[in-house]
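Chains as they are written, first to last, in the numbering used here: chain W, 95 to 652; chain L, -12 to 300; chain U, 8 to 306.
We put the beta carbon where it would ideally sit given N, CA and C, even for glycine.
All values derive from a computational prediction rather than experimental measurement.
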Amino acid sequence: MSEAPALDIQGLSIALPRSAERGFAVENLSLQVRPQEIVCIVGESGSGKSVTALSIMGLLPRALKATHGAIDVGGENVLTASRARLRELRGNRIAMIFQEPMTALNPVLSVGNQIDEALQWHAANGARAAPRKRVLDLMESVGLPDPEQLTRSYPHQLSGGQRQRVMIAMALANEPALIIADEPTTALDVTTQARILRLLRKIQRTHRSGILFITHDFGVVAEIADRVVVMRHGRVVEQGSVDEVLRNPQNTYTKMLLEAVPSAKPRPARLLPKAEAPILTTQDLQKTFSDAFFLRAGRKVRALDDVSIDVHRGETFGIVGESGSGKSTLARCIARLIDPSGGEIRLDGEEIGNKTQAALRPFRRRVQIVFQDPYRSLNPRRTIGQSITEGPRNYGTDKGAAWARAGALLDLVGIEARALGRYPHEFSGGQRQRIAIARALAMEPDVLIADEAVSALDVSVQAQVLDLMERLRDEFGLTTLLITHDLRVAARLCDTIAVMLNGRIVEHGPAQKVFLKPEHNYTQALLAAAPKMRHLERAATEPSLRAKRSNPETNIGY
Amino acid sequence: MGRFLAGRVLATIPVMGVVATIVFLLLRLAPGDPAAILAGDAASPEHIAEIRARLGLDQPILVQFAEWIGRLLHGDLGTSIISNQPVTTLIGQRLEPTLALATTTILFAVIVAVPLGVLSAWRHGTWIDRGVMTLSVLGFSIPVFVLGYLWIFAVAMQLQWLPVQGYVSFRQGFWPFLERLILPTLTLSVIYIALIARITRASVLEVLGEDYIRTAHAKGVGERAVLTHHALRNAAVPIVSVIGIGIALLISGVVITESVFNLPGLGRLTVDAVLARDYPVIQGVILLFSAAYILINLAVDVSYTIFDPRICY
Amino acid sequence: MSAPAEPFIAHETAADLPDVRRARALWRNPGVVFGVAVLLIILLLAIGAAYLANVDPILLRPRFRLRAPSAIAWLGTDQFGRDVYSRVLFGARVSLFIGFAVATIAVVAGLIIGLVAGYLRLLDAILMRVMDGVMAIPNILLAIAMVTLSGAGILTVIVAIAIPEIPRVARLVRSVVLSVREEPYVEAAIGVGTPVPLIMWRHILPNTIAPLIVQGTYTCAAAILTEAILSFLGAGIPTEIPSWGNIMAEGRQSFQIAPWVILFPGFCVALTVLAVNVLGDGLRDMLDPRIARGMDNLR
């Protein structure tokens, strides 16, 4: 027997302003969320998933207008509600959790104050003074430690996971019928993400709310969804229960997305050339950041603490860690963009860690780095040809030769050579990242460092760039240092893996070994937390719950 | 918190040092003989020589600097050429009108400008916003003294509502004191209001674009409360900051306003000193005003901790 | 294997740089149009002063003292019988010249100091303290002091007005440098071995142009105002040269009977400064892409 849905969207269309590339941000969208059900909307950037979420709350930016359809929450059409009524519904019947917990909380108000506010604004007139107890209870129910103390804290004093729990507490305050979670775990570490997802599943069991969960990560979908809605370019391309969509996708786009998700299974070990002396080693590398100045002693942060690694020629060495682990600092020390505080770095036997910036010139070309943000790693005012040839020309290559080589490199990375005269803003994120790789290759480096080079890309684009990197590695025998927080990416490409935590390497070994037989408990925690495609594994656990939630659903595929 | 305060106080010392150095060097880098300048245009050669010896102007520069700083720290700002009185005495006599004008101006400006700026940001794009911004640009563009004369022309001469010039101490009666300060305050505060209103508007607008405002809306907080409870406290820091920086503008304006309205304050003192080339007085006034600016901005810095809990050590 | 990458097909003509598009859009901004139009008119009047003035501006005519505006003197005469209209025309030259000269000096000096401070951490602390010190001294007083010591003269006045304006420009440039330095494309340039001067020129400097243009207009406006004030106080342009401030200074004594001597030049100063400020605002709105935010949360 199905009860009234918490959310019922029928034929929603949201128009984009005239200047946009397509007519609609969302076109003819229909979906439902039942009480105690978690429905995931999956899509890449530009799919319209966030716009859908905002429209349910009535928080669309001025430029976007809902032109057709209805959004039904508890019998009321949100699209036709008055402003005053919308205000009453928000935080009360419909609540929302946003992506970036740091910026979503007011930095100058205490956490307790902000939770209390959610209660105050919807308290029935008699119960205006919401008791402090309710705030403390809420905080405890979302797993926040020491609520008494935490109530008086400010957002900047909390960790990312704690801040997101505060947001969840605010959302739960008035027992909403519908909770919308817009990529709530995207900005969090893998281990934190796992915990927040666990919390959301617990909320599903203990509260009556339906949850609309927006994400780009199919691994998360597999972990948490009951039903899935796949969106692309504003349209629903496939919809159904999680088992149906993940095991038996009908639509080609869905299939492509699923295939693009890297699995956490490491590739079989490659045959590498005989072990010779490593091309790159670090020995007891140290980096301490301090903001001391003159007489003022500042705070010290130990970013790198006795880090020692060996990278052999042709090897793909992965450095995996969460934020704050020091992995990016390590990359930048090796690339000599910053100076280490202690220890050695040897490139092909020669010490480069203590060389001055001037003395580093001959070594610069041998270590090249590809950065994380494709939108900021190319100078927007220079053509990509100028950016790619800048390096070789610094070292004496004449203009003609450099440009010819740049054209060949563009071809290699899959971009028309004619595009040399174009500016970065004419390219997409994935294309820019490929240009960045071409720029790095133009120097003919011995070592290529990829610092979270695919983290900012959509899943399908990510897969393409990883393919490219694999191809280049195989063709040119490129030694790669792959820095990532995503174990699945590391599993895809790496021969050797080092796991970092708080500036130290806690585990180090061939990829097969680290993945299948991790020794350190942090590695084990990381592996356990990584969202896996559990649809293949889930069957055994929680059978009674699954039976309760499953409804005879027709699989709506396009 | 104590460490933060101590740090901030310590940070002002180099700045005051720079000010002192600039003032010191000004005299000594100017073309001509410092002693002759200090002695005045009508001084005899013997007088000039006497001044040179008395102030140690023939000694090496570093020694001079040290001695000068020493005198400063003892409160000795030198002697006026014209009146032969210590500069500190002259300043003391003229302090009250300037303080009165400055205080009324700051109070009036803040009370008018901040709400205007907030309103302008809240009703962004409407005629209120455009009106405030247009008036603000106008306020920046009219020279202070022209505005003063316009007021005098309109209010004092044509309408005869208020006296044209002069100052009466409040000890001699509150209303006479106030009525003579109305026009000068209106004149001087215009530019300050323009500045504060603009920054307030920009700051509030920027804050309104932040994510936590969206969260507040998502919780169902009412519009007015979003503005007052969430936005303003976050917007406060830049606003208070510009009030502090605007003091420099204020001081420049005081000099002319007193001149136009004939208030016997520090501004008039300076102007008279300029015409008479009485350098020690000019120097003393500069040091005083700079110190006031630095101290006020120190207070502003410290006030940030009230508004933003992130600033605390 | 994933889906094949979509190939990039270069169009026949390259898309314009965002800078270029923004620059072209400038003409649609009413502030820019108004400001440029007014300034052009004033500039033409100033250049053509010799032809447009009908009386010698420094000619003393005691017979016509303190006459109200009439047929013989369109804007009236001052206490020496000099024709205000002609003096105002010639005064325009001085004011515009000073505004432009001060803005140029302040921008160039501020740019150099800001670049150095932003890029060389060691010099940063010292330079910024010095800038703070200069900013602590009220600019009129500093200018007055300098002019008093060095004697009046156009060059002295220009330098005296420019120096207090430099710190603001320097701080602006420094903050741009500090933020651009963190951009990955600058790190990439370091990584491919580009030497520091080239990095400054190619990657950092272009980001300062737009803010400098905007700040330059504000500096110009401030300079014109300051000159008027200085001359009014008697610490500015020497009295032989007619400047708007000088004209007004001489109108002080007789304001109650001849207000036009102050009010007309005052109006000219206000109009010119207004035009420059409005131009600056318009430029800033068009060249700074951050302005458009903050509108969507108002509901």
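Check                                                                                                                                                                                              : Outcome
Measure the C-alpha to C-alpha separation of residue 192/U and residue 478/W and round it to an integer number of angstroms.                                                                       : 12 Å
What residues match up with residue 23/U in a beta bridge as DSSP calls it?                                                                                                                        : Residue 23/U is not bridged to any residue.
Using a 10 Å radius around the Cβ and a threshold of 16 neighbouring Cβ atoms, would you call residue 200/W buried or exposed?                                                                     : buried
For residue 296/W, does the three-state DSSP call read helix, strand or coil?                                                                                                                      : helix
With a floor of 4 residues, list each alpha helix (DSSP H) that falls wholly inside the region 51 to 123 of chain U, ordered by position along the chain.                                          : 56 to 59
With 8 Å as the threshold, decide whether the Cβ of residue 92/L is near any Cβ in chain U.                                                                                                        : no
With 16 as the cutoff for other CB atoms within 10 Å, does residue 569/W come out buried or exposed?                                                                                               : exposed
Provide the residue span of the beta strand (DSSP E) that contains residue 412/W, from first to last.                                                                                              : 410 to 415
Candidates 244/W, 422/W, 271/W and 234/W: which alpha carbon is nearest residue 186/W's?                                                                                                           : 271/W
Check the Cβ of residue 620/W against every Cβ in chain U and list those closer than 8 Å, keeping chain order.                                                                                     : Under the 8 Å cutoff, chain U gives no residues; its nearest Cβ is about 25 Å from residue 620/W.
Would you mind working out which of 120/U, 254/U, 277/U and 123/U sits nearest residue 86/U, comparing C-alpha positions?                                                                          : 254/U
Would you please state the rounded distance, in angstroms, between the beta carbons of residue 385/W and residue 393/W? I believe it to be under 8 Å.                                              : 6 Å
Would you identify the three-state DSSP class for residue 312/U, choosing helix, strand or coil?                                                                                                   : No statement about residue 312/U is possible, as the shown extent of chain U runs from 8 to 306 and does not include it.
Between the region 195 to 209 of chain W and chain L, which residues of the former have CB atoms less than 7 Å from a CB of the latter, in chain order?                                            : 197, 198, 199, 200, 201 and 202
Of all the residues that make up the region 176 to 204 of chain U, which are near chain W by a beta-carbon distance shorter than 7 Å?                                                              : 190, 191, 192, 194, 195, 196, 197, 198, 199, 200 and 201
Hey, residue 167/U and residue 143/U: beta-carbon distance below 8 Å or not?                                                                                                                       : no
Answer yes if the region 545 to 555 of chain W comes into contact with the region 510 to 528 of chain W, meaning at least three C-beta pairs across the two stretches below 8 Å, and no otherwise. : yes
Using 10 angstroms around the beta-carbon of residue 293/L, count the other beta-carbons present and answer buried if the total reaches 16, otherwise exposed.                                     : exposed
Could you tell me which residues DSSP puts in a beta bridge with residue 541/W?                                                                                                                    : 461/W and 573/W
Measure the alpha-carbon distance for residue 160/U versus residue 230/U and round it to whole angstroms.                                                                                          : 16 Å
In chain order, what residues of the same chain have a beta carbon less than 7 Å from the beta carbon of residue 250/W, not counting five sequence neighbours either side?                         : 201
Residue 658/W bridges to which residues according to DSSP?                                                                                                                                         : As displayed, chain W neither begins before 95 nor continues past 652, which places residue 658/W out of reach and without an answer.
With a threshold of 8 Å between beta-carbons, can residue 177/L be considered close to chain U, or not?                                                                                            : no
Please list the partners that residue 224/L has in chain U, where partner means a Cβ-to-Cβ separation under 8 Å.                                                                                   : By Cβ distance, chain U contributes nothing, its closest Cβ being about 16 Å from residue 224/L, past 8 Å.
Please list the segments of the beta strand (DSSP E) lying wholly inside the region 207 to 292 of chain W, counting only runs of 3 or more residues, in order along the chain.                     : 272 to 276
Rounded to whole angstroms, what's the CA-CA distance from residue 7/L to residue 274/L? Just pull it up for me.                                                                                   : 7 Å
Taking three-plus beta-carbon pairs below 8 Å as touching, is the region 93 to 100 of chain U in contact with the region 48 to 59 of chain U?                                                      : yes
Mind checking residue 63/U: buried by the 16 CB within 10 Å criterion, or exposed?                                                                                                                 : exposed
Let me know the secondary structure DSSP gives residue 427/W once reduced to three states.                                                                                                         : helix
Please work out which residues of its chain come closer than 8 Å, Cβ to Cβ, to residue 3/L, disregarding the five sequence neighbours upstream and downstream, and give them in chain order.       : 277, 278 and 281
Please classify residue 527/W: does DSSP put it in a helix, a strand, or coil?                                                                                                                     : helix
Along the region 129 to 159 of chain L, what residues have a CB closer than 9 Å to any CB found in chain U?                                                                                        : 129, 130, 131, 132, 133, 134, 136, 137, 139, 140, 144 and 151
Check whether the Cβ atoms of residue 180/L and residue 241/L sit closer than 8 Å, and answer yes or no.                                                                                           : no
Exposed or buried, residue 313/W, counting other C-beta atoms within 10 Å across all chains shown (16 or more means buried)?                                                                       : buried
Following the continuous beta strand (DSSP E) through residue 604/W, name the residue where it begins and the one where it ends.                                                                   : 598 to 604
Go ahead and pull the three-state DSSP assignment for residue -9/L.                                                                                                                                : helix
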